[in-house]
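Residue numbers (the working numbering): -9 to 288.
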């Protein structure tokens, strides 16, 4: 697919980003939203956030930006390196973020001119949000019962360290420390178990109706098969959270409650913890981006 900047010159959809802890159901929410006409959702990507961590030289280089985009998309990208590179507008972050979304619309056979809003999502790098806000973006903060998020740590490899309830409590509060800093006037909070009931209000806040896309394909349909925990993703919203909470022992519940009581008062300090973890993730992204550039140069 040949993507030129002029292709999207007269299309100016809005921007939004879902922020949540890992395992809070953000993929479920984005799948529900991606069905709605006027919305195009990208698979999870930290690209809007890492823009704040790039040097001026990196920000001015479309090739490096494309590599960073691919490296910061853990579920995979719908776009090739060349397609992502064609979307980069180094002098205008808002245009870059919009064009990447519109390019994904093209890849899923959805008409870009009908896109009213491009939605991103991140569950890892959340301490960087100012650039996205300056680009006109808004934020959907998704929360899930902490007991369910904690219970899920035992079902994924990357949750190994957070199986300690005290550590998990600090981890959770480090996210809440960031969420509490998002500008209230451009932030909307969503509860996972209430997604079906809240969907109409979310649509209104995003500025779209209830009509579904006719034809085309959800971006999630192209990526969900790669992730084991995405099984059944396209079958519609289902919550088994009340049953999953029964898997948590009384001892774990008590320790988690104690950890939350200790972590909440030091929430402002935990901003530094979140920043530290985000920078560690950024180091991994840089390594991956360098590997992508090396591969493309051969």
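Just so it is clear, CB atoms sit at the ideal spot from N, CA and C, and this is done for glycine as well. None of these values were measured; they are calculated from a predicted model.
- Judged by beta-carbon spacing, residue 131 lies within the 7 Å limit of residue 179, meaning their Cβ atoms are closer than that value.
- A residue is called buried when at least 16 other Cβ atoms come within 10 angstroms of its Cβ; residue 153 does not meet this threshold and is exposed.
- In the DSSP assignment, the residues bridged to residue 127 are 5.
- Three or more Cβ pairs closer than 8 Å define a contact, and the segment 62 to 71 falls short of that threshold against the segment 156 to 175.
- Counted as a single uninterrupted DSSP element, the alpha helix (DSSP H) harbouring residue 17 occupies residues 16 to 24.
- The beta carbon of residue 86 sits closer than 6 Å to the beta carbons of 78 and 79 from its chain, once the five residues preceding and following it are set aside; these are given in chain order.
- Under the three-state reduction of DSSP, residue 181 is assigned to strand.
- Counting C-beta pairs closer than 8 Å gives fewer than three between the segment 189 to 202 and the segment 273 to 284, which falls short of the contact rule.
- Between residue 188 and residue 200, the alpha-carbon positions lie close to 12 Å from each other.
- Taking 7 Å as the cut-off, the beta carbon of residue 127 is found closer than this to the beta carbon of residue 5.
- If you draw a straight line from the Cα of residue 245 to the Cα of residue 238, it is about 11 Å long.
- Put simply, of 256, 18, 288 and 280 the residue whose alpha carbon is nearest the alpha carbon of residue 133 is 18.
- Around the C-beta of residue 273, fewer than 16 other C-beta atoms lie within 10 Å, and the residue is accordingly described as exposed.
- Just measuring C-alpha positions, the residue of 30, 261 and 234 sitting nearest residue 135 is 234.
- Distance from the CA of residue 169 to the CA of residue 254, rounded to the nearest whole angstrom, comes to 13 Å.
- Pairing residue 33 with residue 142 gives a Cβ-Cβ distance that is not under 7 Å.
- If you look at residue 111, you'll find it in the beta strand (DSSP E) that goes 107 to 112.
- Boundaries of the alpha helix (DSSP H) harbouring residue 261: 257 to 287, taken from the DSSP string.
- Counting along the chain, residue 88 sits inside no beta strand (DSSP E); it lies in the alpha helix (DSSP H) bounded by residues 83 to 97.
- Per the Cβ contact rule, the segment 142 to 151 is not in contact with the segment 108 to 119 (fewer than 3 Cβ pairs under 8 Å).
- By the Cβ-count criterion, residue 38 is buried, with 16 or more other Cβ atoms from all chains shown falling within 10 Å of its own Cβ.
- For the 7 Å CB-CB criterion, residue -2 and residue 90 do not form a contact.
- For residue 275, the number of other beta carbons within 10 angstroms of its own is at least 16, and it is reported as buried.
- With the rule of 3 Cβ pairs closer than 8 Å, the segment 56 to 67 does not count as touching the segment 250 to 267.
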